[in-house]
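Undergrad: Okay, here's the structure, questions in a sec.
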Amino acid sequence: MDTLINIRTFLAVARSGSFSAAGRHLGVAPSVVTKRISRLEDEMRVKLFVRSTRQLILTEVGERYLPRYQSLVKEIDDAISGAAAVAQRIEGHLRIKAPTTVTIAFLARILSDFQQENPNVTMDLALVDRSVNPAEEGYDIALGALPASYSNVIDEPLCPYPRKLCAAPSYLESRGIPKHPRDLVNHICLTFHATGSTWSFLSPGGPIDVEVRSAFSANDTQILHDLALRGRGIAMVASYVAEESIRTGKLIELMPDYPVAELWLKALIPQTQARKPSVRAVMDWLKVHMHASLVSGDRPGRDAASLL
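Per the working numbering, residue 1483 is the first one in the sequence shown, and the count goes up by one each step.
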């Protein structure tokens, strides 16, 4: 490495015609330039320059080695640039774990669009509705809205995952409408496996946690939505799943003054994969497009039948 630095210094001196000018170009003192040239001459056991108080001239040996060193340094620089370009190239195979419902609704389309923009990336998408340790199970990215964390794994937030509390008119007619989160203890509730039977709400006085009675638990928010449609109980489901049913009156949003506590969709990435260009590229893509789909509502239209 020192020899390469000394050769670069030799080329700078030959190009500029003086030690001081070469030093300015390299950002070092003229004395450093002098030492580097002396070390290179000692290593080669030749003189490269004829020095005088007024001028600096290449010796015959220096003239002979100048084009060789220029070619050598160019080859090294080209190799370094090529390696950097390869390191930043978006390519390779990605294994991604994702929740079923959100994938079917729009994540599959988002990932397909990414792949169309990056044809050198191939993907293996697994629909898994549980928390996984991606480092242990061989995933490059594990997507989910769960709080689980693991050692040697990076948690990277993607976007909010809004949810709504809702029930069918038929259920509310028979069981009454809850006015406060604590009223839920007297109701039949449909719960999601991962988040459990403790439901969290926001209020002017602070967060409210309620332990509800779970009559039915599932690991898929679409199932809970469908059961709520049939009047089987109150469900806390993803907003994108419930919005059409709420809009058409098939479901009623409950307690809007006590919004459901915020949950975030996040990615779990093994530390060994975190700087992989394809991982960084797909994460940047997901942050933009998942936010648009989950929060802004920018997703393909779905008729009511598709939710049943």
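From the three backbone atoms N, C-alpha and C, an ideal C-beta is built for every residue, glycine too.
Tell me the rounded alpha-carbon separation between Arg-1506 and Arg-1550.
TA: Here residue 1506 refers to the residue found at position 24 when the sequence shown is read from its first residue. Here residue 1550 refers to the residue found at position 68 when the sequence shown is read from its first residue. Between Arg-1506 and Arg-1550, the C-alpha separation is close to 24 Å.
Undergrad: Less than 8 Å between C-beta atoms, sequence neighbours within five positions excluded: which residues of the same chain meet that for Lys-1769?
TA: Taking the sequence shown and counting its residues from 1, the one referred to as residue 1769 is at position 287. These residues qualify, in order along the chain: Leu-1640 and Cys-1641.
Undergrad: Taking contact to mean at least 3 C-beta pairs separated by less than 8 Å, is the segment 1597-1609 in contact with the segment 1723-1743?
TA: no
Undergrad: How should Ile-1751 be labelled, buried or exposed, when 16 other C-beta atoms within 10 angstroms of its C-beta is the threshold for buried?
TA: Counting from 1 along the sequence shown, the entry for residue 1751 is found at position 269. By the 10 Å Cβ count, Ile-1751 comes out buried.
Undergrad: Is Ser-1721 closer than 7 Å to Pro-1644 when the C-beta atoms are compared?
TA: Numbered from 1 along the sequence shown, position 162 holds the residue referred to as residue 1644. Numbered from 1 along the sequence shown, position 239 holds the residue referred to as residue 1721. Yes.
Undergrad: Looking at the secondary structure, which residues open and close the beta strand (DSSP E) in which Glu-1638 lies?
TA: One-based indexing of the sequence shown puts residue 1638 at position 156. Run containing Glu-1638: 1635-1642, per the beta strand (DSSP E) assignment.
Undergrad: On the DSSP bridge list, what partners appear for Gly-1574?
TA: Position 92 of the sequence shown holds residue 1574. DSSP, once it has assigned bridges, lists Val-1603 as partnering Gly-1574.
Undergrad: Give the single residue among Ala-1717, Ala-1627, Leu-1593 and Ser-1685 whose Cα lies nearest to the Cα of Leu-1654.
TA: Along the sequence shown, one-based indexing puts residue 1654 at 172. Checked all of Ala-1717, Ala-1627, Leu-1593 and Ser-1685; the closest Cα to Leu-1654 is Ala-1717.
Undergrad: For Arg-1712, which three-state DSSP category applies?
TA: Numbered from 1 along the sequence shown, position 230 holds the residue referred to as residue 1712. Here Arg-1712 sits in coil by DSSP.
Undergrad: If you draw a straight line from the C-alpha of Gln-1753 to the C-alpha of Ile-1623, how long is it?
TA: On the sequence shown, position 271 is the one that residue 1753 refers to. On the sequence shown, position 141 is the one that residue 1623 refers to. The alpha-carbon of Gln-1753 is positioned some 11 Å away from that of Ile-1623.
Undergrad: Express the C-alpha separation of Val-1543 and Ala-1569 in angstroms, rounding to a whole number.
TA: Taking the sequence shown and counting its residues from 1, the one referred to as residue 1569 is at position 87. Taking the sequence shown and counting its residues from 1, the one referred to as residue 1543 is at position 61. Residue confidence for Ala-1569 is low, a pLDDT of 48 falling below 50, so the modelled location carries little weight and cannot support an answer.
Undergrad: Are the beta-carbon atoms belonging to Asp-1611 and Asp-1702 less than 7 Å from one another?
TA: Counting from 1 along the sequence shown, the entry for residue 1611 is found at position 129. Counting from 1 along the sequence shown, the entry for residue 1702 is found at position 220. Yes.
Undergrad: Cα separation between Gly-1574 and Ser-1563?
TA: Here residue 1574 refers to the residue found at position 92 of the sequence shown. Here residue 1563 refers to the residue found at position 81 of the sequence shown. So the two alpha carbons sit approximately 20 Å from each other.
Undergrad: I want to know whether the segment 1758-1769 touches the segment 1675-1695 - three or more CB-CB distances under 8 Å.
TA: no
Undergrad: Roughly how many angstroms separate the alpha carbons of Val-1719 and Asp-1559, rounded to a whole number?
TA: Counted from its first residue, the sequence shown places residue 1719 at position 237. Counted from its first residue, the sequence shown places residue 1559 at position 77. Each residue's alpha carbon lies about 56 Å from the other.
Undergrad: Return no unless some Cβ of chain B is closer than 7 Å to the Cβ of Ile-1558.
TA: Going by chain labels, chain B is absent from the structure shown, which holds only one protein chain.
Undergrad: Taking Lys-1646 as the reference, which of Ile-1487, Val-1742 and Ile-1572 has the closest Cα?
TA: What you label residue 1646 is simply residue 164 of the sequence shown in a count that begins at 1. Shortest Cα-Cα distance from Lys-1646 to any of Ile-1487, Val-1742 and Ile-1572 involves Val-1742.
Undergrad: Over what stretch of residues does the alpha helix (DSSP H) that includes Ser-1520 continue unbroken?
TA: In the sequence shown, counting from the first residue as 1, residue 1520 sits at position 38. First-last of the alpha helix (DSSP H) with Ser-1520: 1512-1526.
Undergrad: To the nearest angstrom, how far is the alpha carbon of Leu-1508 from that of Ser-1553?
TA: For the purposes of this step, residue 1508 is identified with residue 26 of the sequence shown, where counting begins at 1. For the purposes of this step, residue 1553 is identified with residue 71 of the sequence shown, where counting begins at 1. Near 19 Å, if we compare the C-alpha coordinates of Ser-1553 and Leu-1508.
Undergrad: I'd like to know whether the C-beta atoms of Lys-1517 and Glu-1523 end up nearer to each other than 7 Å.
TA: Counting from one through the sequence shown, the residue named residue 1517 turns up at place 35. Counting from one through the sequence shown, the residue named residue 1523 turns up at place 41. Not a contact, by the Cβ cut-off of 7 Å.
Undergrad: Could you name the residues of the same chain whose beta carbon sits closer than 6 Å to that of Pro-1782, not counting the 5 residues immediately before and after it, in chain order?
TA: Within the sequence shown, residue 1782 is the residue found at index 300, counting from 1. Caution applies to Pro-1782, whose pLDDT of 46 falls short of 50 and renders its modelled position unreliable; the value that the coordinates give is listed next. Cβ neighbours of Pro-1782 beyond the five flanking positions: none.
Undergrad: Considering only DSSP beta bridges, list what Gly-1626 is partnered with.
TA: Here residue 1626 refers to the residue found at position 144 of the sequence shown. Its beta-bridge partners are Lys-1748.
Undergrad: Within the continuous alpha helix (DSSP H) that includes Gln-1487, where are the two ends?
TA: Stepping through the sequence shown from its first residue, residue 1487 is reached at position 5. Reading the sequence as shown, one finds Ile at residue 1487 and not Gln. Note, Ile-1487: alpha helix (DSSP H), 1484-1498.
Undergrad: Looking at C-alpha atoms only, which residue of Thr-1730, Pro-1616 and Ala-1496 is the closest neighbour of Leu-1538?
TA: Residue mapping note: residue 1538 aligns to position 56 of the sequence shown, counting from 1. Considering only alpha carbons, the answer is Ala-1496.
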